[in-house]
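Residue numbering for the sequence shown is 248 to 429, as defined by the working numbering.
Where is the CB? At the ideal position from N, CA and C, for every residue including glycine.
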Amino acid sequence: MKTKQLEQATVGGGCFWCTEAVFQEVKGVESVVSGYSGGNVPGRPTYREICSGLTGHAEVIQITFDANTISYEDLLVIFMTTHNPTTLNRQGADRGTQYRSVIFYHNEEQKVIAEKVCKAMAKYYEDPIVTEISLLDVFYEAENEHQDFYKRNPNQGYCNYVITPKLMTLRKLHADKLKSSI
């Protein structure tokens, strides 16, 4: 058996509850942590500060994955097909820079792959892809109540109306990339 080759990916596709729930189902994903990145104010932001839109941070997730099981490129394809990368600073009813579509790369190789995936995915969308591709500076873990949100609140209204349809899209488009227990 191959040893694990753990790497990290950091992406934001609107509300982090949605992206967290999607990637928790993906084979090779070891952990998903909701948090904040990309801001322009020093120090650890709070959820309330992020929601104001004044800090410049995006709601993101940091994925730890086994690159021997799933590639960074495959993760980005899943990301690009489970949110709308053509809406600027918005996902559905969520509006503001904190909900922007963003890929925070950890190294130059990830940057090249992110650019390649965005370019390749453009032909599947009528509108231009507006996903930001930026170097990860700092990742701040979100408060505990934001971790595993969908798992803890599957019957909550937002989960039913926003997250569950994204999971259905994931299961339809990427069934071969899902954990066997799903």
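Where do the N-terminal and C-terminal ends of the alpha helix (DSSP H) with residue i fall, by residue?
i: Tyr294; result: Tyr294 to Ser299
i: Val273; result: Note, Val273: premise wrong, no alpha helix (DSSP H); not H, not E.
i: Lys416; result: What sits at residue 416 in the sequence shown is Thr, not Lys. Thr416 -> alpha helix (DSSP H) spans Thr411 to Leu420.
i: Thr316; result: Element bounds for Thr316: n/a, residue is neither H nor E.
In whole angstroms, what is the alpha-carbon distance linking residue i and residue j?
i: Phe326; j: Thr266; result: 8 Å
i: Gly259; j: Gly286; result: 13 Å
i: Thr333; j: Val269; result: 19 Å
i: Asn400; j: Trp264; result: 10 Å
i: Thr293; j: Leu425; result: 32 Å
i: Gln345; j: Cys298; result: 7 Å
i: Gly303; j: Tyr283; result: 10 Å
i: Glu320; j: His421; result: 13 Å
i: Lys419; j: Ser278; result: 22 Å
i: Gly300; j: Lys249; result: 44 Å
May I ask which residues mark the beginning and end of the beta strand (DSSP E) holding residue i?
i: Thr311; result: Ala305 to Asp313
i: Gln255; result: Leu253 to Gly260
Roughly how far, in whole angstroms, is the beta-carbon of residue i from the beta-carbon of residue j, given that I think they are within contact range, below 8 Å?
i: Leu323; j: Phe312; result: Rounded, the Cβ-Cβ distance is 11 Å, inconsistent with contact.
i: Glu355; j: Val280; result: The pair is not a contact, with the Cβ atoms about 23 Å apart (cut-off 8 Å).
| task | Output the residue ranges of the alpha helix (DSSP H) runs that lie fully inside the region 336 to 406 and measure 4 residues or longer, sorted by chain position. | result | 355 to 368 and 396 to 399
| field | contact_flag[the region 295 to 312, the region 400 to 409] where n(CB pairs < 8 Å) is 3 or more | value | no
| query | Can at least three beta-carbon pairs, one atom from the region 389 to 398 and one from the region 359 to 368, be found at a separation below 8 Å? | reply | The region 389 to 398, when compared against the region 359 to 368, does not touch it at the 8 Å Cβ threshold.
| Is the number of C-beta pairs between the region 351 to 360 and the region 330 to 338 that are closer than 8 Å three or more? | no
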